[in-house]
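For the record, the sequence lines run as chains A and B. Under the numbering used here, the first residue of the first sequence carries the number 1, and numbering increases by one thereafter. Under the numbering used here, the first residue of the second sequence carries the number 1, and numbering increases by one thereafter. Single-structure report; data block below.
Number of protein chains: 2
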Amino acid sequence: MNLLLLERSELSPSGEALLDDARARHLLDVLGVVPGQLVRVGLLDGPRGQAEVLHADEDTVRLRCAFDPAPPPRPRLDLVLALPRPKVLKRLWAPLAALGVRRVDLVNARRVERCYFDSHAIRPEICRPLLLEGLAQARDTWLPEVRVHRFFRKLVEDELGEGDGEKRLLADPIYPRSAIGALAALAPERRVVLAIGPEGGWDPFERDLLERHGFAGIGLGERTLRSDVAVIGLVAIVHETLRAG
Amino acid sequence: MNLLLLERSELSPSGEALLDDARARHLLDVLGVVPGQLVRVGLLDGPRGQAEVLHADEDTVRLRCAFDPAPPPRPRLDLVLALPRPKVLKRLWAPLAALGVRRVDLVNARRVERCYFDSHAIRPEICRPLLLEGLAQARDTWLPEVRVHRFFRKLVEDELGEGDGEKRLLADPIYPRSAIGALAALAPERRVVLAIGPEGGWDPFERDLLERHGFAGIGLGERTLRSDVAVIGLVAIVHETLRAG
């Protein structure tokens with residue numbers, strides 16, 4: 001844990017917080033905090049800052065927090081992700097939050113098994129702690145927004161909007177172009193929406209609908225990658241291209 | 001399994017192979033092959049090709065193989081990797097082979113725990129099947145060469161050589177530069193050597209020694225990533241930059 005994340009409702013008006021859960025255990029058992037010590041804190045969806053340990057006993061830690069004037073920059077990337085196998089999705093939550101995504105739209109596609117929509121991996125009680133773990137790892141405070149869509153066409157036609165100000169990319173093995181070329185010299189105020197298909201790829205109808213809604217095709221070359229490796233690789237490449245400017 | 005990998009010693013002079021192991025089980029149980037059917041095959045460290053199923057019974061499959069005249073291009077990337085925790089290393093073998101590396105030099109560093117060198121994860125009987133799984137996934141035939149070095153300085157000073165014709169990169173969170181910029185317009189005949197430190201990074205002596213041996217510093221920005229995510233992200237970024245050319 002590189003950043004202790006707090007929610008606004010946990011703070012008193014004077015900026016104090018009393019912890020008695022896994023975060024307190026981590027402070028006590030792993031960091032061995034004592035009164036007077038400073039720890040890095042972050043307010044969920046808000047600024048980072050520092051907290052002084054006011055009191056620590058066997059089970060609880062009391063902190064007084066002081067936050068930066070402004071939150072860290074919000075990630076510029078939104079994902080549209082054909083719902084992966086539950087095992088893969090569980091493995092992806094923490095890395096996705098750590099790499100930084102603003103929103104994840106999980107969506108049905110022809111090559112997605114319907115039963116994946118009944119899985120625990122899309123439930124907030126499974127997904128939220130893993131996302132928080134990724135944020136704490138990366139020292140970010142912006143919790144990715146997660147939405148689940150059972151109808152691909154409705155998402156693309158009605159819910160994603162016109163995409164003004166966004167650069168829209170569609171990842172599929174059939175496209176030879178690299179995301180690095182597609183995003184070269186993107187204006188810093190523009191966000192990126194990246195649509196990643198299921199194992200086996202989007203079907204032709206899905207690619208066509210995405211293309212007609214402004215998504216430009218990109219790929220990762222000729223090697224077929226496991227879908228978690230492809231997702232992490234693609235998200236890392238997009239972020240690094242934006243950062244390299 | 002997207003490619004059935006065979007070793008040269010398994011082929012008869014006429015290009016036939018008799019399989020009775022996990023590959024036969026996969027052909028029989030997952031693909032349900034019948035005589036006459038064609039499957040994609042690859043010769044380890046050699047060309048890819050096609051094989052015709054000559055005979056299939058309950059436990060064995062006999063194939064007749066025809067290979068392409070030339071092997072696929074060998075990956076242009078070598079890794080120098082501070083020996084990761086065994087759990088992380090086991091998770092990395094298949095993705096590394098799938099993304100494509102020519103050689104992996106596992107090396108000691110100040111922030112590497114000595115006991116990692118006793119781990120199963122560096123033994124060929126653990127590492128090789130996972131590398132083969134990654135190759136089969138990515139349809140590659142070039143098995144990464146794995147070497148283990150207990151002495152960092154000896155590796156850098158005596159064994160890596162002068163690095164003529166190589167572009168050498170050193171990944172550490174302290175460097176702001178991106179691999180995308182560092183590799184822009186690299187000549188296609190040049191290989192890349194990427195040195196990735198342990199969790200917590202290289203220590204100053206190690207960075208200095210690498211820099212004096214021609215390694216240029218790069219990073220992934222301000223976010224701290226879990227080391228498996230950082231390795232997959234960095235390797236994907238290097239490959240994609242080379243591919244985007």
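Note that CB positions come from ideal geometry on N, CA and C, so glycine has one too. This structure is a prediction, so every number in the text was calculated from the model and none was measured.
Within chain B, partners of residue i - CB distance below 8 Å
i	result
R139(A)	E222, R223 and T224
E240(A)	S178, A179, I180, L220, G221, G233 and I237
R23(A)	Neighbours of R23(A) on chain B: none; closest Cβ ~18 Å, over 8 Å.
C-beta atoms of residue i and residue j nearer than 9 Å
i	j	result
W209(A)	V156(A)	With the sequence shown as reference, residue 209(A) is identified as Leu, and Trp is not the correct amino acid for it. Result yes, Cβ atoms of L209(A) and V156(A) sit closer than 9 Å.
L92(B)	V231(B)	yes
P95(A)	V229(B)	yes
L19(B)	L27(B)	yes
L44(A)	L5(A)	yes
L170(B)	V238(B)	no
D158(B)	A98(B)	no
G180(A)	T60(B)	One detail in the question is off: residue 180(A) reads as Ile in this sequence, not Gly. In this structure, T60(B) does not lie closer than 9 Å to I180(A) by Cβ.
A136(B)	G233(A)	no
R103(B)	R147(B)	yes
R48(B)	P73(B)	no
W246(A)	R114(A)	Not covered by the structure: residue 246(A). The range shown for chain A is 1 to 245.
L54(B)	E16(B)	yes
Partner residues on chain B for residue i, Cβ-Cβ distance less than 7 Å
i	result
N108(A)	Chain B residues near N108(A): none, gap ~25 Å exceeds 7 Å.
R243(A)	S178 and G221
Nearest-angstrom beta carbon gap, residue j and residue i [assumed within contact, 8 Å]
i	j	result
A24(A)	Q50(A)	The Cβ separation is near 18 Å, so there is no contact.
R150(A)	E166(A)	Actually they do not touch by this definition, with Cβ atoms about 23 Å apart.
G36(A)	E52(A)	7 Å
A138(B)	R223(A)	4 Å
G197(B)	D172(B)	6 Å
P176(B)	G219(B)	6 Å
D105(A)	L81(A)	7 Å
R243(A)	S178(B)	6 Å
L130(B)	K90(B)	7 Å
Cβ-based burial, residue i [other Cβ within 10 Å; buried from 16]
i	result
A22(A)	exposed
P144(A)	buried
P84(B)	buried
H120(A)	exposed
F152(A)	buried
S227(A)	buried
R212(A)	exposed
I174(B)	exposed
C127(B)	buried
E58(B)	exposed
A70(A)	exposed
F215(B)	buried
L3(B)	buried
A185(A)	exposed
V34(B)	exposed
L160(B)	buried
Contact set between residue i and chain B, taken where Cβ atoms lie within less than 9 Å
i	result
R8(A)	What R8(A) touches in chain B: nothing, since even the nearest Cβ is about 23 Å away.
Interface residues of chain A facing residue i [CB-CB closer than 7 Å]
i	result
R74(B)	Residues of chain A passing the Cβ test: none, with the nearest at roughly 13 Å.
Beta-carbon neighbours of residue i, restricted to chain A and to distances below 8 Å
i	result
V61(B)	What V61(B) touches in chain A: nothing, since even the nearest Cβ is about 23 Å away.
If you measure beta-carbon to beta-carbon, which residues of the segment 78-112 of chain A are closer than 9 Å to chain B?
A94, P95, A98, L99 and G100
| said: By the 8 Å beta-carbon criterion, what residues does the segment 185-219 of chain B contribute toward chain A? | reply: none
At a Cβ cut of 7 Å, what residues of the segment 137-165 of chain B count as close to chain A, listed as they run along the chain? Q137, A138, R139 and D140
Residues in the segment 25-55 of chain A having any Cβ partner in chain B nearer than 9 Å: none
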